[in-house]
Amino acid sequence: MNVCDVMTIRVATVDMDDRLTVVKQILDCATFRHILVIEDDQLQGVISDRDLLRCLSPFLGTDAESVRDKTTLNKRAHQIMTRSPITINPDLSIHAALIIMLDNKIGCLPVLENGVVKGIFTWHDGVRALLDYSLPLNK
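Just add 30 to the spot in the sequence shown (first one is 1) and you have this note's numbering.
Next comes the structure, spelled out in structure tokens:
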């Protein structure tokens, strides 16, 4: 079975210059944990929820919040994204994709075909594929 059979095709994207307020808003309302950063229809990077948490003040939204804490939301996507992320082809096997993720300690792989984003493959997609297609059902 290949990545194209289980990848997520509805991908959240932001522009390089979008503020982290936009990124935070998307991740706060979503069930996914990765956003692709696009410029001129080309993948430039990936932002994970952990990337966002690392750069935001822990005092945001608390009684201790200051103006300085709020300014962390004014950073731009390109300032915190992982640049030149590892990408894969939709025809790669799920097994090979999971090995790449394990070897590189990453949580997702953007799926590109001829430089065009076709989807994203995450741990969730890989585990779902293993459970749906590899294990017998014990009902």
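C-beta: ideal position from N, C-alpha, C; glycine also.
Fully enclosed by the stretch 57-134, which alpha helix (DSSP H) runs are 4 residues long or longer?
79-85, 97-101, 107-110, 124-134
Original post:
Applying the criterion that 16 or more other CB atoms from any shown protein chain within 10 Å of the CB defines a buried residue, is residue 131 buried or exposed?
Top reply: Counting from one through the sequence shown, the residue named residue 131 turns up at place 101. Counting Cβ neighbours within 10 Å, residue 131 comes out buried, since at least 16 surround it.
(request) Would you grab the beta carbon distance between residue 50 and residue 73 for me? Rounded to a whole angstrom, and I think it's under 8 angstroms. (result) Start at 1 with the first residue of the sequence shown, and residue 50 comes out as number 20. Start at 1 with the first residue of the sequence shown, and residue 73 comes out as number 43. Their Cβ separation, rounded to whole angstroms, is 19 angstroms, which puts residue 50 and residue 73 out of contact at 8 angstroms.
Original post:
By DSSP, does residue 36 sit in helix, in strand, or in coil?
Top reply: Counting from one through the sequence shown, the residue named residue 36 turns up at place 6. Note: residue 36 maps to coil in three-state DSSP.
**Cβ of residue 51 within 9 angstroms of any chain D Cβ** = In summary, chain D is missing from the structure at hand, where a single protein chain is found.
Quick one: is residue 78 buried, meaning 16 or more other Cβ sit within 10 Å of its Cβ, or exposed?
-> Indexing the sequence shown from 1 puts residue 78 at position 48. Buried.
- request: Determine the contact status of residue 37 and residue 151, defining contact as a CB-CB distance below 9 angstroms.
  value: Position 7 of the sequence shown holds residue 37. Position 121 of the sequence shown holds residue 151. It is a contact, given that the beta carbons lie within the stated cut-off.
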